[in-house]
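Participant: In the working numbering, the protein residues as written are 1444 to 1663.
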Amino acid sequence: MIVFWIILGIAAYFLGAIPFGYLYSRLRGVDITKVGSKNIGSTNVSRQFGFLGGFVPVFILDFMKGAIPVVVVRMLSVPGKVSVLEMDLAMLAVGMIAIIGHMFPIYLKFKGGKGVATAAGVFMLITPIQALLCVGVFVFVLFLARALALRGIQKKEPFLKDLQKGVGISSVIAAAAFPISVALLESHRLAVLIVAILLAVLLIYRHKSNIAKLIKGETW
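#1: Within the same chain, show all residues whose beta-carbon is closer than 7 Å to that of Val-1516, passing over the 5 residues directly before and after it, in chain order.
#2: To the nearest angstrom, report how far apart Phe-1566 and Ile-1445 are at their CA atoms.
#3: Does the beta carbon of Met-1546 fall short of 8 Å from some heavy atom of the ligand FMN?
#4: Measure from the alpha carbon of Leu-1466 to the alpha carbon of each residue in Ile-1450, Phe-1447 and Leu-1504, then state which is nearest.
#5: The alpha helix (DSSP H) spanning His-1650 covers which residue range?
#6: Rounded to whole angstroms, what's the CA-CA distance from Ile-1616 to Lys-1656? Just pull it up for me.
#7: If we count the other Cβ atoms within 10 Å of its Cβ and call it buried at 16 or more, is Tyr-1456 buried or exposed?
#8: DSSP on Ser-1468, reduced to helix/strand/coil?
#9: Between which two residues does the alpha helix (DSSP H) harbouring Glu-1529 extend?
#10: Going by C-alpha to C-alpha distance, which of Phe-1494, Ser-1613, Lys-1524 and Ile-1640 sits closest to Val-1578?
#11: If you pair each beta-carbon of the region 1639 to 1649 with each one of the region 1619 to 1626, do three or more pairs fall below 8 Å?
#12: State the DSSP-derived secondary structure class of Thr-1570, mapped to helix, strand or coil.
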């Protein structure tokens, strides 16, 4: 069993490390690591190919990188022989490994994305209600950020293009809201709560450049 879980963990990392944003952009003739923020995530890809042509396909692919390992754990677990805690620990382990793989992919010298989409894929299956609440927080802050960005601007940018300006701060606030929602709704799942806190700290740290821009009053 130890060997089995080691193999599963390794597989989760290499799946999470697949740089879909980079591969998708290269197929369309752009090296995403050399344009925009140089990040391989869906937000930077959308700056090159638009919301529907860039953000949506890359987000879905990165989302699946987190969801698939969790689904595999559920499929391989024998009903009645695995406790809730053991199931949580197994799903959290492979899920976090996939997220780390996305953030630090071996294929790109460990320079990856910020992990939001892959984390969403993991926790949409582990804590779906909390994940959906955070999606709601993300969307609300995103539209609020857009409204604030447009205040005093006479020439408005296209709607979907301008939404990109609020993705960073929206991701930070949604990440901070996640452990709070877990604590309020399922505080008895201590392992999930601990990992949620650690994940929130990691995601916020990965957005440190966005936070720095916001403090300086620049576009976030």
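Even glycine gets a Cβ: it sits at the ideal position worked out from N, Cα and C.
Facilitator: Reading it off the structure:
#1: Once the five neighbours on either side are set aside, the close Cβ partners of Val-1516 are Ala-1533, Met-1534 and Val-1537.
#2: If I take the Cα positions, the gap works out to 24 Å.
#3: No copy of the ligand FMN occurs in the structure displayed, which carries no ligand at all.
#4: Minimum Cα distance to Leu-1466 is reached at Leu-1504.
#5: DSSP places His-1650 in no alpha helix (DSSP H); its state is neither H nor E.
#6: Straight across, the Cα-Cα distance linking Ile-1616 with Lys-1656 is about 15 Å.
#7: By the 10 Å Cβ count, Tyr-1456 comes out buried.
#8: Correct three-state label for Ser-1468: helix.
#9: Unbroken alpha helix (DSSP H) run through Glu-1529: 1527 to 1546.
#10: Comparing Cα-Cα distances from Val-1578 to each of Phe-1494, Ser-1613, Lys-1524 and Ile-1640, the minimum goes to Ser-1613.
#11: Yes, they touch.
#12: The answer is coil: DSSP assigns Thr-1570 none of H, G, I, E or B.
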